[in-house]
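Residue 184 in full-length UniProt numbering is what sits at position 184 of the sequence shown, and the numbering runs on without skipping anything.
Quick reminder that beta carbons are idealized off the backbone N, C-alpha and C, glycines included.
First up is the structure itself, then whatever we jot down about it.
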Amino acid sequence: MGFERVLYFDPSMPKEERMQPPKITFGKPSWFENVREEYTACRERVGVIDMSSFTKFHLKSGGTEVVDFLQLLCSNNINVPVGNIVSSGMQNDQGCYENDCLLLRRAHNCYFMMSPTAQQTRISEWMRRHMPKDGSVSMSDVTSMYTVLNVVGPKSRELMSELTRTEMDIAGFTCKVRKDFYCH
Numbered sequence: 001m002g003f004e005r006v007l008y009f010d011p012s013m014p015k016e017e018r019m020q021p022p023k024i025t026f027g028k029p030s031w032f033e034n035v036r037e038e039y040t041a042c043r044e045r046v047g048v049i050d051m052s053s054f055t056k057f058h059l060k061s062g063g064t065e066v067v068d069f070l071q072l073l074c075s076n077n078i079n080v081p082v083g084n085i086v087s088s089g090m091q092n093d094q095g096c097y098e099n100d101c102l103l104l105r106r107a108h109n110c111y112f113m114m115s116p117t118a119q120q121t122r123i124s125e126w127m128r129r130h131m132p133k134d135g136s137v138s139m140s141d142v143t144s145m146y147t148v149l150n151v152v153g154p155k156s157r158e159l160m161s162e163l164t165r166t167e168m169d170i171a172g173f174t175c176k177v178r179k180d181f182y183c184h
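As structure tokens, then:
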């Protein structure tokens with residue numbers, strides 16, 4: 001996989017100490033104030049969260065087989081209009097949780113799926129074991145092909161407005177719907 005995932009930023013820490021894991025404690029950790037500052041920035045202003053390390057799969061079929069396959073694995077209804085995003089769990093046949101994912105419907109027979117970083121190998125194996133035996137559904141790991149930046153906070157539209165010519169008004173961005181645009 002090879003992705004580094006920062007836990008928090010501490011600009012005052014000497015460079016040689018930055019790669020050391022934080023000390024574990026039952027009390028208030030040494031990094032508490034750093035995380036509080038990041039949280040406050042996201043809550044009151046704007047923050048950018050790098051989610052590029054999250055697992056990403058491309059699922060496709062010739063017909064609607066991919067819909068049937070995902071409906072079998074997912075607890076939520078994933079048969080949504082093209083462009084919509086669904087958050088769903090994936091359960092095994094005993095009802096136990098196997099995966100938590102976001103599914104973006106890109107076409108009538110195509111989905112883009114995002115899952116937690118740590119699930120990449122395990123969920124790939126689990127899903128492949130449940131794929132139709134006739135090969136009608138294909139799944140590709142596209143994790144390294146996409147960067148995912150989550151822009152959050154009440155000033156996120158202001159930041160995005162500086163980066164693109166696309167209108168960033170709230171009416172244009174409904175919940176769980178994909179919108180393509182370019183940054184300059």
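- Message: For Y111, tell me which candidate among P81, E44, S12 has the shortest Cα-Cα distance.
- Response: P81
- Query: Is there contact between the segment 70-84 and the segment 99-109, where contact requires at least three CB pairs shorter than 8 angstroms?
  - Reply: yes
- Message: Do V46 and L149 have their beta-carbon atoms positioned less than 7 angstroms apart in this structure?
- Response: no
- Just the C-alpha distance for F22 and K15, rounded to the nearest angstrom, thanks. Per the sequence presented here, residue 22 reads as Pro, with Phe not at that position. Those two C-alpha atoms are separated by around 14 angstroms.
- Does DSSP put R128 in a helix, a strand or coil? helix
- Message: I need the boundaries of the beta strand (DSSP E) containing V152, first residue and last residue.
- Response: 149-152
- Message: Does S12 pass the burial test, meaning 16 or more other C-beta atoms within 10 Å, or should it be called exposed?
- Response: exposed
- Entirely within the segment 66-146 and at least 3 residues each: give me those beta strand (DSSP E) ranges in chain order. 85-91, 97-107, 110-115, 137-141
- Query: Rounded to a whole number of angstroms, what is the C-alpha to C-alpha distance between S53 and T143?
  - Reply: 7 angstroms
- With 16 other CB atoms within 10 Å as the buried threshold, where does N99 fall? buried
- Taking buried to mean at least 16 other C-beta atoms within 10 Å of its own C-beta, is K176 buried or exposed? Flag for K176 reads exposed.
- Task: Go ahead and pull the three-state DSSP assignment for F32.
- Result: helix
- Task: May I ask you to report which of helix, strand or coil DSSP gives G49?
- Result: According to the sequence provided, residue 49 is Ile. The question's Gly does not apply to it. Strand, per DSSP.
- Drop a sphere of 10 angstroms on the beta-carbon of K56, count the other beta-carbons inside from all chains shown, and report buried for 16 or more, exposed for fewer. buried
- Note the first and the last residue of the continuous beta strand (DSSP E) segment covering S61. 55-61
- Item | Run of the alpha helix (DSSP H) containing R157, from where it starts to where it stops | 156-163
- Do you know offhand how far M1's Cα is from T164's? Confidence at M1 is low in this model, with a pLDDT of 48, below 50, so its placement is unreliable and the value that follows should be read with caution. A straight-line Cα-Cα distance of about 31 angstroms links M1 and T164.
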